[in-house]
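Shown next, in structure tokens, is the structure this report addresses.
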Amino acid sequence: MDGIFLGSDGATPQILDLHRANRHGLIAGATGTGKTVTLQRMVEGFARAGVPSFVADVKGDLSGLGMAGSPTAKVHGAFAARASEMGLTDWAYAAMPVQYWDLFGRQGHPVRATASEMGPVLLARMMGLNDVQEGVLTIAFHLADCEGLLLLDLDDLQAMLAACAARADELTATYGNVSKQSVGAIQRALLQLRSQGGEHFFGEPALALTDLIRTDEAGQGVVNILAADQLMASPKLYATFLLWLLSELFEQLPEVGDPDKPVFVFFFDEAHLLFDDAPPALIEKIEQVVRLIRSKGVGVYFITQNPVDVPERIAGQLGNRVQHALRAFTPRDQAAVRSAAETFRANPGVDVAAAITELKVGEALVSLLQADGSPAPVTRTLIAPPVSRVGPVTPEERRVLIDTDAVGGMYDAAIDRESAEEVLAAKADAAAAAAAEKTEAAAKESGRGAAKSNWDVMATSAARAASSSLGRQVANEIGRQVFGGKKRRAASGGGVMGALVRGVLGGLFRG
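Quick note: the sequence shown uses this note's numbering, first residue 1, plus one each step.
Next comes the structure, spelled out in structure tokens:
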């Protein structure tokens, strides 16, 4: 059978059939029971089979996949004895081809995605928005799409939200209520996201899936290791990033049905973080992706301490199961034991409920899908030892592996091209300049009108004054010529006529 040898019960080998490996799986167990070693063994098996994979390194231990194990290591004696017990004559230490990634760019190549790629639904989940705020965020994305504005980073998103607040009345009439209070709440959530390091994730160059799904020169699948020890301090960012990556795989990969071996395998460590406080709509989306991504040739494996951390609708999609020991100290633990026991296909020779609490370190209850797609009866299995280092690499080893992998410096330098922030800023500057120019023109026109009006008043007054004076002078002169001086006017009675003439002539000149 073409598959991955996981371990044996002493008689029956437990082999993960590659043809059924895209039917997903679960690795569960309490802390210190051997989950990480099982995960490491499984990742190594996929790599040797030419299947690339992605795994989140929460504790830093999985970085050791890039280095071969050592006979001087503390665990060498136990591993060598276990390999001999299983009859693994070809067991030998070896390193896997690896690529290190880090959202913060410190322990691996930077991982970036654009805000548009993330979308409003996942962003709302990341920021903990309520339904109303998520609706406003969706309107902002829709408006940016309609107006051809690129949302690449958090600066673009903040600028777009500010534009929505400024146009709240217009958008409310078209899309529904867009309140400035909701916009303000989203802006505060973005500020919190920045404080958690989210600004390092959003931007360009965005991660290309082709750089994850690759093999090395020997045909081995590359293991992509995400440094998640610091990322775990921001659990929503961690969970949303991995869900985004899973969604991108679903959207971009073509349909392949059930291939001979998976195209890609995705390991989701600390899986409970994905489901804690998740709204029903998000759970439904995860279920949809997990159910349908199988036909894209992608296998999804959840790693968690308690199997009840995974919702039933999603747990029902997980065909390959490895259950390490559980400690039934609390009522919840006891319920988890019963739940785990009921999910396995019964084996008359194994009391599952009792065995789960009795398993030793490195031992697990295993049920894998058979060639016909049915689950094999549960078997108590000793897990085979890994061949790569169990434990972290040193900073110097990590740097050498980063510098010599196939990705190189492709993602190291961020790119800031023209996007929504720059376009909106340019529009605001242009509008402000146009308004200033219009105001200045109106002021000049008003000044010219005021000056003209004052001149007209002055000219009219002067003309009236001049005409009145001239009229009196002309009238007086005519009066003297016609009627003579004072004595003559008095003698001839010209006083009245002179006054009459002067009044008429004065009126004509004034008029």
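Note that CB positions come from ideal geometry on N, CA and C, so glycine has one too.
Where does N22 fall in DSSP's three states?
helix
L122 versus L157: straight-line alpha-carbon distance, rounded
If you take the alpha carbons of L122 and L157, they lie about 14 Å apart.
DSSP three-state label for A364, please.
strand
Beta strand (DSSP E) containing Q14: first to last residue?
Judged by DSSP secondary structure, Q14 falls within the beta strand (DSSP E) whose first and last residues are P13 to D17.
Extract the residue ranges of the alpha helix (DSSP H) inside the stretch 231–274, only unbroken runs of 4 or more that lie entirely within it.
Listed in chain order, the complete alpha helix (DSSP H) runs (minimum 4 residues) inside the stretch 231–274 are 235–252.
Which residue or residues does DSSP assign as beta-bridge partners of P110?
D102
For Q187, the nearest candidate out of C164, Y175, E170 and M96 (CA to CA):
C164
Please identify the residue among L103, V51 and A430 whose C-alpha is closest to the C-alpha of A206.
L103
To the nearest angstrom, how far is it from the Cα of G64 to the Cα of P307?
26 Å
Just the C-alpha distance for Q220 and S182, rounded to the nearest angstrom, thanks.
50 Å
Exposed or buried, which one is S70 when buried takes at least 16 other CB atoms within 10 Å?
exposed
Name the residue from F329, L369, R345 and A325 whose alpha carbon lies nearest to the alpha carbon of E363.
A325
Are there 16 or more other CB atoms within 10 angstroms of the CB of N177, so buried, or fewer, so exposed?
exposed
Rounded straight-line distance, which links the Cα of T174 to that of L318:
44 Å
What is the DSSP secondary structure of E421, reduced to helix, strand or coil?
helix
Can you tell me which of the three DSSP states I415 falls into?
Note: I415 maps to strand in three-state DSSP.
Would you report the Cα separation of L193 and F241, rounded to the nearest angstrom?
13 Å
Closer than 8 Å is the cut-off here; do at least three beta carbon pairs connect the stretch 229–239 with the stretch 24–38?
no
Distance between G257 and L6 (C-alpha atoms, nearest Å)
25 Å
Considering just the uninterrupted stretch of the beta strand (DSSP E) at F302, what are its terminal residues?
V298 to T304
Are L226 and V390 touching if we call contact CB-CB under 9 Å?
Cβ distance not < 9 Å, so L226 and V390 don't count as in contact.
Who are the near neighbours of D9 in its chain, counting only those whose CB is closer than 8 Å to its CB and skipping five residues on each side?
T379, R380, T381 and L382
Does the count of Cβ pairs from the stretch 148–155 and the stretch 410–423 closer than 8 Å reach three?
yes
Residues near A414 by beta carbon distance below 6 Å, same chain, minus five either side
G203
At which residues does the alpha helix (DSSP H) containing T31 begin and terminate?
Looking at the DSSP string, T31 is not in any alpha helix (DSSP H), and its letter there is neither H nor E.
In whole angstroms, what separates the C-alpha of Q14 from that of L368?
8 Å
Using 10 angstroms around the beta-carbon of G297, count the other beta-carbons present and answer buried if the total reaches 16, otherwise exposed.
buried
Any contact of the stretch 42–62 with the stretch 324–340, i.e. 3+ C-beta pairs under 8 Å?
no
With DSSP collapsed to three states, give me the class of F79.
helix
Contact set for M126: own chain, Cβ-Cβ below 7 Å, skip 5 residues either direction:
Within its own chain, the residues whose Cβ lies closer than 7 Å to the Cβ of M126, once the five positions on either side in sequence are excluded, are L193, K236, L237 and T240, listed in chain order.
Residue(s) in a DSSP beta bridge with Q323:
A28 and L365
Measure the Cβ-Cβ separation of N22 and V387 and say whether it is below 9 Å.
no
Rounded to the nearest angstrom, what separates A80 and A68 at their Cα positions?
14 Å
Residue from T304, Y93, T172 and F268 with nearest C-alpha to T33:
T304
Can you tell me whether A56 is helix, strand or coil according to DSSP?
strand
Alpha carbon of I4 to alpha carbon of V400, nearest angstrom:
29 Å
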